[in-house]
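Numbering (this note's numbering), first residue to last: 5 to 282.
Even for Gly, the Cβ is constructed at its ideal location relative to N, Cα and C.
Note that the coordinates shown come from a computational prediction; the quantities given were computed from them, not determined experimentally.
So the structure is just underneath, and the comments pick up after that.
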Amino acid sequence: MDGPFGVAALTSIREHPRFRDAVEQYARSRVEQFRRLDAALRWATTDLGRSTLSRATVVLHRRPEGLTANALLESARTLGLCSRGRVLAYLDGAQLRGLLSISAGDGYWTDRPVQVSPALCGQVEDTARNLLAAVDLLEPEAPETANGEQRLQGLLAAMAALPTTDPAVLSVLPVGIRQFMEHDGALRILDELIVRQRSERARLLEAVRFSQLSLARASGVSRAQVKRLLASAQPEGFVMVGDGELDFAPAFSDAAELRFALIFRVAQLAASLAASRG
């Protein structure tokens, strides 16, 4: 695949001398942020579907016309994020946890304004800021702070649509890493595994001492989920589980690098486009 998300573009990012620094900084920021979240925000971000809807919620909330349930439903339908039932369940759960509130008034509830809590806005926007900070390591000439808000909102819009970006874009990722990403909590586990790596190593992922219980607790998933994830990766030869140690095949490390390169590329283009429009 050629173009802005092609192998050549992603290879260029991976070959940047500070690419490893950017990946590790981004993974570390996500790990530290997750540890600070309360139960409500963990609910909003620990599931891939809810995390995507949370980003879409904040993007719509920041627009001049504001957020309504219908706007979120239409966004989910247009982008192919999830089913109508999943959106309604998210709205119910977010209200129950104090993350959203729907204004009282006449008319059907889905047409009324929806208020988003500062906590949810802050969590979603901090995640995007952390990504921009990592990307800026690769771009010393990044736009000045004056364009920071435009870059941030442009990135959030791209992140909200990322799971259903044109399949031709996601096709640059090996099948194995795409399947890995589909497991609930897999990306948080991947972040944890990256920050636990030895500082002196040749690849992004080589080997790490671990226990299923500690990894599960740190990643906000169950021990059974960690076990299933590792079991799914072993037949592919991605990981080898030994006595208290997890070894990663070079192919899996390369695939993980490609996944981060794709995320950084989306962030670069979205933030630059948003800043230029500002």
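- Between the alpha carbons of R269 and I17 lies a gap of roughly 8 Å.
- Secondary structure note for D251: its beta strand (DSSP E) is the uninterrupted segment E249 to F252.
- By alpha-carbon distance to L208, the top candidate from V35, P254 and Y112 is P254.
- For the pair R202 and Q29, the Cα-to-Cα distance works out to about 15 Å.
- Secondary-structure assignment with DSSP links V62 through no beta bridge to anything.
- With 16 or more other Cβ atoms inside 10 Å of its own Cβ, A237 counts as buried.
- Membership of A12 in the alpha helix (DSSP H) is indicated by the continuous run V11 to R18.
- If you look at V199, you'll find it in the alpha helix (DSSP H) that goes A190 to V199.
- Runs of the alpha helix (DSSP H) spanning 4 or more residues and lying entirely within the region 81-105 occur at 88-100, in chain order.
- For S107, the CB contacts under 8 Å within the same chain, skipping 5 residues up- and downstream, are R116, P117, V118 and Q119 in chain order.
- DSSP lists D251 as the bridge partner or partners of M244.
- Put simply, the region 243-250 touches the region 209-216. At least three CB pairs are less than 8 Å apart.
- For Q119, the uninterrupted beta strand (DSSP E) run begins and ends at V118 to V120, by DSSP.
- Contact between V225 and D188 is confirmed by a C-beta separation of about 7 Å, below the 8 Å threshold.
- Partner residues in the beta bridge of V212, as assigned by DSSP, are L250.
- Counting the other Cβ atoms within 10 Å of the Cβ of E261 gives 16 or more, which makes it buried.
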